[in-house]
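*Asks:* Respectively, the protein sequence lines represent chains C and B.
Residue numbers for the first sequence follow the numbering used here, so the first one is 13 and each next one is one higher.
Residue numbers for the second sequence follow the numbering used here, so the first one is 66 and each next one is one higher.
Where a beta carbon is used, it is the ideal one built from N, C-alpha and C, also for glycine.
No experiment lies behind these values; they were computed from the predicted model shown.
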Amino acid sequence: MNNVFRGFSAVFYKESLHIRRDFSTLFFSLIIPILQMFLLGYAIDTNIRQINTVVYNADGHRESRELLDRLTNSDTFHLIRYVNNDRDLNDAIISGKCRVGVKIPVDYSDRLLHQTGAQVLVLIDGSDSSVAGQAINVTTAIGLDESLRRVLANSDAAFPVEMRPKILFNPDSRSPNFFLPGLVAVLLLNVTTFLTAFSIVREKERGTLEQLFVTPVRPMGLLLGKLLPYLVIGFFELSMLLVAMRFLFDVPIHGNVLLLAFLSLPYLFVSLSLGILISSKATSQAHAMQLAFLTILPSIFFSGYIFPRETMPKFFYYLSYLVPAAYYINITRGIILRGAGWVHLWSDALILFLMGAALLIIAARRFHNKIIMA
Amino acid sequence: MTSSTQPSISAQHLVRRFGNFAAVNDVSFRVEKGEIFGFLGPNGSGKTTVIKMLTGLLPLSGGHAEVEGFDVSKDAEAVRENIGYMSQNFSLYTDLTVSENLTFYGRIYGLSNDHLRKRMDEIIQLNGLGPYIHRLASQLSGGWKQRLALGCAMLHEPKLVFLDEPTAGIDPVARRQLWDLLFDLSGHGITFFVTTHYMDEAERCSHVAYIYFGKLIADGTPDSLRELPDVQPAGTLRIEITTPQVTRALRLAREIPGVRNATIYGQSIHALVDDHYDLNGLREELLKRNIVVAEIRPLAPSLEDVFVELTSKHQAQQEASRE
Ligand SMILES: Nc1ncnc2c1ncn2[C@@H]1O[C@H](COP(=O)(O)OP(=O)(O)O)[C@@H](O)[C@H]1O
Ligand SMILES: [Mg+2]
């Protein structure tokens, strides 16, 4: 009688039926994040080809022209302007006409010939961080490649060509690979917060929720019975997003995929609980939609997905500690990009789990009182 | 636990306020086990509110209520174990089939698989849902939806079932069938609390109460209500005058001294007259005014008459107290 989870298995059974019955809606809500990933993913991708680039070749010998050819051939850079002094180089970037400036020093070929290391300055407009990230990656790669070729040809010198990126305007720059792991966190909200919020609000609209409240079902049994089927679906969506990210966008996963899957559970739990909390407040599906968007906006802007948290004004920085996506983006980027492991990330996962539990308990209390308010 | 003499519902001085407005104002009544209790009243009078208070959906602002021996304020969960509830718009899961709806409610009440199967068979048998068990609830007609909702509300063998306007918007055949079903079930000792607008349904109840904007103004068996002095004042007689010319007859009858009030019912007029009044004299009075009367006979007041009388008396009292 005193089982706080009373009714759980019944609600779980019923929710699974709803999901099966309404499969087409579900299918679309699962497919939309994948489409969004394509739209956003390729939008980012097209930006990072053919970056307008200005060149100041102070050396002008064969070696320096070879390096410029390699930059051109990388497809990342589009050499549109050649200048003869530092000021023009800077101006081209400040004016926004070019996003990258390459300066080959006057002694470049001399140094290479004398087997002392040569440095190439790469100025990067950091205001568009996806461009900046790509520029860093590609120029560094070209520098390494060039060095390797020379090292293989002449074993004496270590890393003769050094690319020295210098980021202007926005020192904390990230590569487009940074976006997709963060995007996963934001897109997952579609099938978690939204779906659970709707599934309960729908029952309110139909009047079946009131009917349920006259049965001995307990709030926790009801809420967990609602939550669990969507946890399964959220997990499925996560897998699809990760597959798309890995194989369609070629974002390598440096860490352990299983760990990523496991640490995603607390995030799914938080966002599902948030959906449930929203449904305890919302009176109609339209209302639930508004509230859900209200929670998604901070997930986009204060989670570090677009703007790095460290560079936010203090107020928003502290606010970002309350945004679950901030912790999850740290987990996804950690595992996918930095190859982080359990020791680095367990605290983020624990915080997410605690947030989820807190939200669920608040929601259950609200429903407990709602039983009485209905 | 409950003893057999305990009432199914005992409500004492129930009050429910929404802000300053008292939707239910000092309402007391008792419903005995096995009764079909008809709860009547115009829209917005507080019928649904009373049901929600008795089922633990709304806390009481005042008063005390026991349902099947359990205090609704202290032991709502025990109350819920023992009651069934069919809300105003029988809320079913329309994307689930008949059998899935039943299975869900059975599991909510924690019936074991065997018990659930047995109960489902019984309910399907009793409510005649057999041909429709694999149909989606959305594809059922109103009458069948209502039977399914009733089935869901009764799966766990409640001792008391609340039905909030179960026949609103249902065709007359289904309406009659539902009442036959209720009588059948009531014969098995189940108590029913039914709200309705239909007077013919009220006539079939073993116990009726009438709530008028938060105040209970009638409570008793249909027969005891008919005999209330307010309904049938001493020295008066209620008669039915059958005539082809009802409209004209009504106008004229009201002019005849000794006729206290008169209303049209189809092809006849119901009138309250002084009981020393000679019915043959009345017939002649009307004939003088060119009204041919087929029949005049004494009539017991209908429940509608009862409620009309009690409502106008209640209104008069309120007017008086306001002055
Ligand atoms: N949750 C509520 N908040 C405010 N007023 C309410 C609420 N529920 C009902 N009422 C008011 O209480 C009165 C009685 O309503 P209700 O019990 O639904 O009447 P009935 O079922 O007899 O038609 C109505 O005036 C209604 O507007
Ligand atoms: Mg009502």
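From this set, B:Tyr174, B:Ile306, B:Leu181, which residue's C-alpha is nearest Glu349 of chain B's C-alpha?
*Replies:* Considering only alpha carbons, the answer is B:Ile306.
*Asks:* Along the stretch 26 to 43 of chain C, what residues have a CB closer than 7 Å to any CB found in chain B?
*Replies:* Per Cβ criterion, the list reads Lys26, Leu29, His30, Arg33, Asp34.
*Asks:* Under the criterion of a Cβ to heavy atom distance below 7 Å, does Gln153 of chain B qualify as lining ligand 2?
*Replies:* Yes, the Cβ of Gln153 of chain B comes within 7 Å of a heavy atom of ligand 2.
*Asks:* Name all residues in chain order for which at least one heavy atom of ligand 1 lies closer than 5 Å to the residue's CB.
*Replies:* Ordered along the chain, the selected set is B:Phe83, B:Ala88, B:Asn108, B:Gly109, B:Ser110, B:Gly111, B:Lys112, B:Thr113, B:Thr114.
*Asks:* Between which two residues does the beta strand (DSSP E) holding Lys115 of chain C run?
*Replies:* Start and end: 112 to 116.
*Asks:* Is Asp229 of chain B near ligand 2, judged by its Cβ being under 7 Å from some heavy atom?
*Replies:* Yes, the Cβ of Asp229 of chain B comes within 7 Å of a heavy atom of ligand 2.
*Asks:* What is the DSSP secondary structure of His391 of chain B, counted as helix, strand or coil?
*Replies:* Past the boundaries of the shown model lies residue 391 of chain B; chain B is included only from 66 to 388, so the question cannot be answered.
*Asks:* So what's Asn96 of chain C in DSSP terms, helix, strand or just coil?
*Replies:* DSSP places Asn96 of chain C in coil when its eight states are reduced to three.
*Asks:* Could you tell me the distance, in whole angstroms, from the CA atom of Leu306 of chain C to the CA atom of Val203 of chain C?
*Replies:* Their backbone Cα atoms lie some 16 Å apart in a straight line.
*Asks:* Going by beta-carbon coordinates alone, are Ala197 of chain C and Ser315 of chain C separated by less than 8 Å?
*Replies:* Going by C-beta atoms, Ala197 of chain C is nearer than 8 Å to Ser315 of chain C.
*Asks:* So what's Val244 of chain C in DSSP terms, helix, strand or just coil?
*Replies:* Helix at Val244 of chain C.
*Asks:* List, in chain order, every chain B residue whose beta-carbon is nearer than 9 Å to that of Phe206 of chain C.
*Replies:* Simply none; closest approach about 18 Å.
*Asks:* Can you tell me whether DSSP reads Glu146 of chain B as helix, strand or coil?
*Replies:* In the structure shown, Glu146 of chain B sits in a helix (DSSP, three-state: H, G or I).
*Asks:* Could you say which of C:Arg258, C:Pro231, C:Ala144 lies nearest to Phe50 of chain C if we only look at CA atoms?
*Replies:* The option with the nearest alpha carbon to Phe50 of chain C is C:Arg258.
*Asks:* Does Gly127 of chain B come out as helix, strand or coil in the three-state DSSP assignment?
*Replies:* Strand, per DSSP.
*Asks:* Kindly indicate which residue of B:Asn85, B:Pro107, B:Gly106, B:Ile116 has the alpha-carbon position closest to the one of Ser75 of chain B.
*Replies:* Considering only alpha carbons, the answer is B:Ile116.
*Asks:* Can you give me the C-alpha to C-alpha distance between Ile329 of chain B and Leu122 of chain B, rounded to a whole angstrom?
*Replies:* If you take the alpha carbons of Ile329 of chain B and Leu122 of chain B, they lie about 42 Å apart.
*Asks:* May I ask which residues mark the beginning and end of the beta strand (DSSP E) holding Ser138 of chain B?
*Replies:* First-last for Ser138 of chain B: undefined, no H or E at that position.
*Asks:* Classify Asp81 of chain C as buried or exposed, calling it buried when 16 or more other Cβ atoms lie within 10 Å of its own Cβ.
*Replies:* Asp81 of chain C is exposed by the Cβ-count criterion.
*Asks:* Mapping DSSP to helix, strand and coil, what is Asn355 of chain B?
*Replies:* Asn355 of chain B falls in the coil class under three-state DSSP.
*Asks:* Enumerate in chain order the residues of its own chain whose CB-to-CB distance from Thr308 of chain B is below 8 Å, with the five nearest sequence positions on each side excluded.
*Replies:* Here the set comprises Ala314, Gln332, Ser333, Ile334, Leu351, Ile356, Val357, Val358, Ala359.
*Asks:* Which same chain residues, not among the five before or five after Pro45 of chain C, have their C-beta less than 6 Å away from its C-beta?
*Replies:* Within the same chain, Pro45 of chain C has close Cβ partners Leu199, Asn202.
*Asks:* By Cβ distance, which residues of its chain are closer than 6 Å to Glu384 of chain B, with the 5 residues on each side in sequence left out?
*Replies:* Nothing listed; no residue qualifies.
*Asks:* In this structure, how does DSSP classify Leu334 of chain C when only helix, strand and coil are distinguished?
*Replies:* Residue state, collapsed to three classes: coil.
*Asks:* Taking Cβ positions only, does Thr120 of chain B come closer than 8 Å to chain C?
*Replies:* Thr120 of chain B counts as touching chain C.
*Asks:* Run through DSSP, which three-state label would His272 of chain B get?
*Replies:* His272 of chain B: strand per DSSP, three-state reduction.
*Asks:* Taking Thr256 of chain B and Lys98 of chain B to be in contact with their CB atoms under 8 Å, please state how far apart those CB atoms are, rounded to whole angstroms.
*Replies:* Right, the Cβ-Cβ distance comes to about 6 Å (below 8 Å), so this counts as a contact.
*Asks:* Does any CB atom of chain B fall closer than 8 Å to the CB of Arg218 of chain C?
*Replies:* Yes, because at least one Cβ of chain B sits closer than 8 Å to the Cβ of Arg218 of chain C.
*Asks:* With distances taken between CB atoms, is the gap from Leu364 of chain C to Tyr329 of chain C smaller than 8 Å?
*Replies:* Contact flag unset, no.
*Asks:* Only counting the same chain, and skipping five residues up and downstream in sequence, which positions put a Cβ closer than 6 Å to that of Glu215 of chain C?
*Replies:* Once the five neighbours on either side are set aside, the close Cβ partners of Glu215 of chain C are Leu221.
*Asks:* Closer than 8 Å, Cβ to any Cβ of chain C: which residues of the stretch 153 to 166 of chain B, in chain order?
*Replies:* Listed by position, the residues of the stretch 153 to 166 of chain B near chain C (Cβ gap below 8 Å) are Gln153, Asn154, Ser156, Leu157, Tyr158, Thr159, Asp160, Leu161, Glu165.
*Asks:* Against chain E, with Cβ distances strictly below 8 Å, would Ile173 of chain B count as a contact?
*Replies:* Among the protein chains of the structure shown, namely C and B, there is no chain E.
*Asks:* Is there a Cβ of chain C sitting closer than 8 Å to that of Leu79 of chain B, yes or no?
*Replies:* It does not; no Cβ of chain C falls within 8 Å.
*Asks:* Cα separation between Lys178 of chain C and His266 of chain C?
*Replies:* When rounded, the distance between both Cα atoms is 26 Å.
*Asks:* Strictly below 8 Å CB to CB, what residues from chain B border Pro228 of chain C?
*Replies:* Residues of chain B passing the Cβ test: Glu142, Arg145, Glu146, Ile173, Tyr174, Gly175.
*Asks:* At a cut-off of 7 Å, is Pro45 of chain C close to ligand 3 when judged by its beta-carbon and the heavy atoms of the ligand?
*Replies:* Absent from the structure shown: ligand 3. Ligands present: ligand 1 and ligand 2.
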